[in-house]
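**Q** According to the UniProt record's numbering, the stretch in the sequence shown is residues 1 to 500, in order.
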Amino acid sequence: MKALPRTVWEALDVLERLEGHLWKSPSNWNSQTQRFEYTAPSPYNQIGWKFAFLCSVFEVVACGLLVTLQLYGIIYMSIFYLLIVVVSGQLVALSIALELGSIYWTTTISVVLHEMKNAEEISSKCSSSRSRMDALALTFIFHFSVVLPYLVIPAANDLKAIQTLGSLPIGVFNIREQLIARVEPVDASVTPSSSQTSAIPAIQWGVEKIGAPAVWARTKGEGIVVANIDTGVFGGHESLRDNYGGKWYDATGESNLTTPNDGNRHGTSTMGMLCGRPKGIGVAPNVKWIACKAIGANGGGSEGNMKKCAQWIFQQRPHVVSNSWVFGRGATNFNDIISSWRAVGIIPVFAIGNEGDRCRSAGSPGDQTNVISVGSTRSNDTLSTFSARGFAVNGAIKPEVTAPGEEIYTAWYSQNDKPYLYYVTSGTSSATPHVAGAIALMLSANPSWTFDQVFNALTRTADRPPVDAKDLACGNTTTSNYPNNGYGFGRINVQRALGM
Numbered sequence: 001m002k003a004l005p006r007t008v009w010e011a012l013d014v015l016e017r018l019e020g021h022l023w024k025s026p027s028n029w030n031s032q033t034q035r036f037e038y039t040a041p042s043p044y045n046q047i048g049w050k051f052a053f054l055c056s057v058f059e060v061v062a063c064g065l066l067v068t069l070q071l072y073g074i075i076y077m078s079i080f081y082l083l084i085v086v087v088s089g090q091l092v093a094l095s096i097a098l099e100l101g102s103i104y105w106t107t108t109i110s111v112v113l114h115e116m117k118n119a120e121e122i123s124s125k126c127s128s129s130r131s132r133m134d135a136l137a138l139t140f141i142f143h144f145s146v147v148l149p150y151l152v153i154p155a156a157n158d159l160k161a162i163q164t165l166g167s168l169p170i171g172v173f174n175i176r177e178q179l180i181a182r183v184e185p186v187d188a189s190v191t192p193s194s195s196q197t198s199a200i201p202a203i204q205w206g207v208e209k210i211g212a213p214a215v216w217a218r219t220k221g222e223g224i225v226v227a228n229i230d231t232g233v234f235g236g237h238e239s240l241r242d243n244y245g246g247k248w249y250d251a252t253g254e255s256n257l258t259t260p261n262d263g264n265r266h267g268t269s270t271m272g273m274l275c276g277r278p279k280g281i282g283v284a285p286n287v288k289w290i291a292c293k294a295i296g297a298n299g300g301g302s303e304g305n306m307k308k309c310a311q312w313i314f315q316q317r318p319h320v321v322s323n324s325w326v327f328g329r330g331a332t333n334f335n336d337i338i339s340s341w342r343a344v345g346i347i348p349v350f351a352i353g354n355e356g357d358r359c360r361s362a363g364s365p366g367d368q369t370n371v372i373s374v375g376s377t378r379s380n381d382t383l384s385t386f387s388a389r390g391f392a393v394n395g396a397i398k399p400e401v402t403a404p405g406e407e408i409y410t411a412w413y414s415q416n417d418k419p420y421l422y423y424v425t426s427g428t429s430s431a432t433p434h435v436a437g438a439i440a441l442m443l444s445a446n447p448s449w450t451f452d453q454v455f456n457a458l459t460r461t462a463d464r465p466p467v468d469a470k471d472l473a474c475g476n477t478t479t480s481n482y483p484n485n486g487y488g489f490g491r492i493n494v495q496r497a498l499g500m
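(1) If you draw a straight line from the C-alpha of residue 475 to the C-alpha of residue 364, how long is it?
(2) How many angstroms separate the CA atom of residue 358 from the CA atom of residue 385?
(3) Quick one, which of 333, 388, 392 and 259 has its alpha-carbon nearest residue 306's?
(4) Report the three-state DSSP secondary structure of residue 278 (helix, strand or coil).
(5) Do you know offhand how far residue 242's Cα is from residue 481's?
(6) Roughly how many angstroms lie between the CA atoms of residue 412 and residue 264, to the nearest whole one?
(7) So what's residue 269 in DSSP terms, helix, strand or just coil?
(8) Using 8 Å as the Cβ pair cut-off and three pairs as the minimum, do the segment 391 to 405 and the segment 334 to 345 touch?
(9) Please go through the segment 352 to 405 and give each complete beta strand (DSSP E) segment of 3 or more residues, from N-terminal end onward.
(10) Is residue 179 helix, strand or coil by DSSP?
(11) Excluding five sequence neighbours on each side, which residues of the same chain lie with their C-beta closer than 7 Å to the C-beta of residue 215?
(12) Can you list, in chain order, the residues of its chain with a C-beta nearer than 6 Å to that of residue 231? Leave out the 5 residues immediately preceding and following it.
(13) Distance check for residue 489 and residue 451, CA to CA, integer angstroms please.
(14) Measure the Cβ-Cβ separation of residue 352 and residue 439 and say whether it is below 7 Å.
(15) In this structure, does DSSP put residue 322 in helix, strand or coil?
(16) Measure the CB-CB distance between residue 233 and residue 273 and report whether it falls below 7 Å.
(17) Taking residue 246 as part of the beta strand (DSSP E), name the residues at either end of that continuous run.
(18) Check whether the Cβ atoms of residue 443 and residue 449 sit closer than 7 Å, and answer yes or no.
(19) Assign residue 142 to buried or exposed, taking buried as 16 or more other Cβ atoms, counted over all protein chains shown, within 10 Å of its Cβ.
(20) Give every residue of the same chain whose Cβ lies closer than 6 Å to the Cβ of residue 221, excluding the five residues on either side of it in the sequence, and list them in chain order.
(21) DSSP on residue 348, reduced to helix/strand/coil?
(22) Quick check on DSSP: helix, strand or coil for residue 88?
(23) At which residue ranges does the segment 421 to 497 contain complete beta strand (DSSP E) runs of 3 or more residues, listed in the order of the chain?
(24) Have a look at the DSSP bridge pairing and note the partners of residue 300.
(25) Quickly, what does DSSP pair residue 328 with across the bridge? List them, please.
(26) Can you name the start and end residues of the beta strand (DSSP E) that residue 225 belongs to?
(27) Could you give the distance in angstroms between the alpha-carbon of residue 269 and the alpha-carbon of residue 237?
(28) State yes or no: is the C-beta of residue 379 within less than 7 Å of the C-beta of residue 431?
(29) Quick check on residue 216: does DSSP put it in helix, strand or coil?
(30) Is residue 247 closer than 7 Å to residue 311 when the C-beta atoms are compared?
(31) Going by DSSP in three states, residue 294 sits in which element: helix, strand or coil?
(32) Check residue 411 in the structure and name its three-state DSSP category.
(33) For my contact list, residue 350 and residue 374 are in at a C-beta cut-off of 8 Å; report their separation, rounded to the angstrom.
(34) Count the other CB atoms, across all protein chains shown, that sit within 10 Å of the CB of residue 399; report buried if there are 16 or more and exposed otherwise.
(35) Pull the bridge partners of residue 288 from the DSSP assignment, please.
(36) Which stretch, first to last residue, makes up the alpha helix (DSSP H) that contains residue 262?
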């Protein structure tokens with residue numbers, strides 16, 4: 001067995017010195033003293049994390065030697081995140097994010113150590129911070145992450161604690177309010193799965209419009225894994241139960257179920273459009289799907305939960321991840337996550353948002369440059385009035401592409417006596433899984449294709465309808481000037497993208 005790099009053993013030594021500080025375990029919150037009361041450290045936990053570290057997973061995730069260590073530990077309430085990245089045997093970054101013990105989770109803190117020269121310097125800085133950390137009654141859980149150079153997680157609504165943390169020698173990267181992701185379908189009308197649906201076409205108009213049925217003779221997505229971050233997915237729905245990929249994570253904690261579930265229905269509907277099987281609702285019906293629930297029943301997802309799901313997605317390595325939600329405009333908080341996804345071959349697809357037909361209304365992360373963002377079109381190829389327009393805050397033309405997003409028939413469910421419902425919905429949330437499904441078909445037909453190859457094929461072959469004059473005003477584009485800030489490069493055509 002090859003010996004670990006010397007810097008890894010140095011890092012282990014640092015962790016050994018921090019051991020007594022890390023393994024404090026909160027038993028309960030004392031409302032009178034406004035702090036957690038602690039129990040004695042568990043010997044099992046002390047032994048467990050050391051053993052887990054020695055069993056860490058090494059992965060090559062990029063050209064050259066990029067080794068990442070992964071370790072998990074769980075103790076009750078608060079979380080201590082630590083990332084060690086070893087590049088060509090050199091310890092180049094150590095990142096720490098702290099969750100302060102508090103019942104109020106409204107502010108986010110990310111604490112980062114950048115490019116420490118050696119383990120002694122790291123140890124010195126951490127040691128000199130320890131007494132002030134103790135004074136704040138901070139509680140830690142040890143946790144290795146492979147996805148980010150830093151994490152932003154919930155912290156205390158305690159100004160004094162935040163100010164003190166900001167003065168620590170390890171340094172605070174950023175302190176700000178958590179962003180909240182929103183899913184906002186424009187309209188929905190429910191139809192039971194019964195004789196009342198007999199008039200529904202065998203293949204839905206959006207699936208037909210983008211040319212998917214013409215591709216199905218070649219591939220229906222075999223060999224591809226797709227994912228979404230959403231409100232969950234009702235895995236028992238007749239349109240989704242047979243191609244479930246067996247992996248599921250609930251970051252919200254809303255349900256104690258071990259099987260995929262959805263308290264809002266939005267995630268079930270978007271997954272149905274991506275890969276639902278009966279009634280021709282899915283673009284890529286033979287893919288395997290997995291899902292992460294970060295958005296609650298109320299349609300909102302905290303930044304902390306969104307990033308938990310993002311890390312889970314990174315670890316699962318699906319080929320495509322569909323994201324029918326937005327944070328707002330000009331938010332860069334997901335850029336490192338998206339870069340990490342792309343580094344391991346995950347293609348990120350994001351809704352551009354439902355903020356309407358005014359210029360510069362594009363939402364994040366869809367308005368960032370390292371994703372494929374999606375606007376919505378009607379059955380006659382005109383732009384939906386709700387579909388957000390570019391250009392982005394950073395000046396980029398947005399969206400990249402458009403897809404069918406109005407009056408889309410898809411999976412729904414009910415907890416009463418009609419569990420297999422379908423409904424009609426509209427929104428860029430509906431357009432996005434059409435693009436994710438199209439990409440799944442492209443990758444199934446061309447397994448070696450990279451993000452750039454997929455992007456080029458998708459945008460080069462898109463259909464280009466005439467652009468309304470008011471949309472041409474966004475970024476001073478013209479009817480002959482594609483891409484523009486309404487359609488992007490055009491409405492996707494997967495049949496043409498695959499040269500069929």
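Cβ coordinates follow ideal geometry from the N, Cα and C atoms, glycine included.
Treat the numbers as computed from the prediction; the structure is a model and nothing was measured.
**A** The structure says:
(1) Numbered from its first residue, the sequence shown carries residue 475 at position 475. Numbered from its first residue, the sequence shown carries residue 364 at position 364. Computed Cα separation, rounded: 18 Å.
(2) In the sequence shown, the residue the question calls residue 358 occupies position 358. In the sequence shown, the residue the question calls residue 385 occupies position 385. Between residue 358 and residue 385, the C-alpha separation is close to 9 Å.
(3) The sequence position of residue 306 within the sequence shown is 306, counting from 1. That would be 333, whose Cα lies nearest to the Cα of residue 306.
(4) The sequence position of residue 278 within the sequence shown is 278, counting from 1. Residue 278: helix per DSSP, three-state reduction.
(5) Residue mapping note: residue 242 aligns to position 242 of the sequence shown, counting from 1. Residue mapping note: residue 481 aligns to position 481 of the sequence shown, counting from 1. Each residue's alpha carbon lies about 44 Å from the other.
(6) Here residue 412 refers to the residue found at position 412 of the sequence shown. Here residue 264 refers to the residue found at position 264 of the sequence shown. The alpha-carbon atoms of residue 412 and residue 264 are separated by roughly 10 Å.
(7) Taking the sequence shown and counting its residues from 1, the one referred to as residue 269 is at position 269. Reduced to three states, the DSSP call for residue 269 is helix.
(8) no
(9) 372 to 377 and 401 to 404
(10) Taking the sequence shown and counting its residues from 1, the one referred to as residue 179 is at position 179. Of the three classes helix, strand and coil, the one that applies to residue 179 here is coil, per DSSP.
(11) The count along the sequence shown starts at 1 and reaches residue 215 at position 215. Around residue 215: 441, 494, 495, 498 and 500.
(12) Residue 231 sits at position 231 when you count from the first residue of the sequence shown. Taken in chain order, the residues that qualify are 262, 264, 266, 267 and 295.
(13) If you number the sequence shown from 1, residue 451 lands on position 451. If you number the sequence shown from 1, residue 489 lands on position 489. Looking at the two C-alpha atoms, the distance is approximately 16 Å.
(14) Residue numbering aside, residue 352 sits at position 352 when the sequence shown is read from its first letter. Residue numbering aside, residue 439 sits at position 439 when the sequence shown is read from its first letter. No. Outside cutoff.
(15) Taking the sequence shown and counting its residues from 1, the one referred to as residue 322 is at position 322. Reduced to three states, the DSSP call for residue 322 is strand.
(16) In the sequence shown, residue 233 corresponds to position 233, counting from 1. In the sequence shown, residue 273 corresponds to position 273, counting from 1. Not in contact: residue 233 and residue 273 (Cβ atoms no closer than 7 Å).
(17) Residue numbering aside, residue 246 sits at position 246 when the sequence shown is read from its first letter. Counting along the chain, the beta strand (DSSP E) containing residue 246 begins and ends at 244 to 250.
(18) Residue mapping note: residue 443 aligns to position 443 of the sequence shown, counting from 1. Residue mapping note: residue 449 aligns to position 449 of the sequence shown, counting from 1. Yes.
(19) Numbered from 1 along the sequence shown, position 142 holds the residue referred to as residue 142. Because residue 142 carries a pLDDT of 26, less than 50, the predicted location of this residue cannot be relied on, and no value is offered for it.
(20) Locating residue 221 in the sequence shown gives position 221, where the first residue counts as 1. The residues are 284, 286, 287, 440, 441 and 444.
(21) For the purposes of this step, residue 348 is taken as the residue at position 348 of the sequence shown. Looking at residue 348 - three-state DSSP - the assignment turns out to be strand.
(22) Against the sequence shown, residue 88 aligns to sequence position 88. Only weak support is given to the placement of residue 88: the predicted model assigns it a pLDDT of 27, under 50, and the value that follows is read from those uncertain coordinates. In the structure shown, residue 88 sits in coil (DSSP, three-state: anything other than H, G, I, E or B).
(23) 421 to 426
(24) Translated into the one-based positions of the sequence shown, residue 300 becomes position 300. The partner list for residue 300 (beta bridge, DSSP) reads 182.
(25) Looking up residue 328 in the sequence shown gives position 328. Beta-bridge pairing links residue 328 to 364.
(26) Sequence index remark: in the sequence shown, residue 225 carries index 225 (1-based). Note, residue 225: beta strand (DSSP E), 225 to 230.
(27) For the purposes of this step, residue 269 is identified with residue 269 of the sequence shown, where counting begins at 1. For the purposes of this step, residue 237 is identified with residue 237 of the sequence shown, where counting begins at 1. Cα to Cα, residue 269 sits roughly 10 Å from residue 237.
(28) Here residue 379 refers to the residue found at position 379 of the sequence shown. Here residue 431 refers to the residue found at position 431 of the sequence shown. No. Outside cutoff.
(29) The sequence position of residue 216 within the sequence shown is 216, counting from 1. Looking at residue 216 - three-state DSSP - the assignment turns out to be coil, as it is neither helix nor strand.
(30) Working through the sequence shown from its first residue, we reach residue 311 at position 311. Working through the sequence shown from its first residue, we reach residue 247 at position 247. Not a contact, by the Cβ cut-off of 7 Å.
(31) Residue mapping note: residue 294 aligns to position 294 of the sequence shown, counting from 1. If DSSP states are grouped into helix, strand and coil, residue 294 belongs with coil.
(32) On the sequence shown, residue 411 is found 411 positions in, with the first residue counted as 1. Here residue 411 sits in strand by DSSP.
(33) Within the sequence shown, residue 350 is the residue found at index 350, counting from 1. Within the sequence shown, residue 374 is the residue found at index 374, counting from 1. The pair is a contact, with the Cβ atoms about 7 Å apart (cut-off 8 Å).
(34) Here residue 399 corresponds to residue number 399 of the sequence shown, with the count starting at 1. When all chains shown are included, residue 399 counts as buried.
(35) The count along the sequence shown starts at 1 and reaches residue 288 at position 288. Residue 288 is bridged to 225.
(36) Your numbering for residue 262 matches position 262 in the sequence shown. Per DSSP, residue 262 belongs to no alpha helix (DSSP H) and is neither H nor E.
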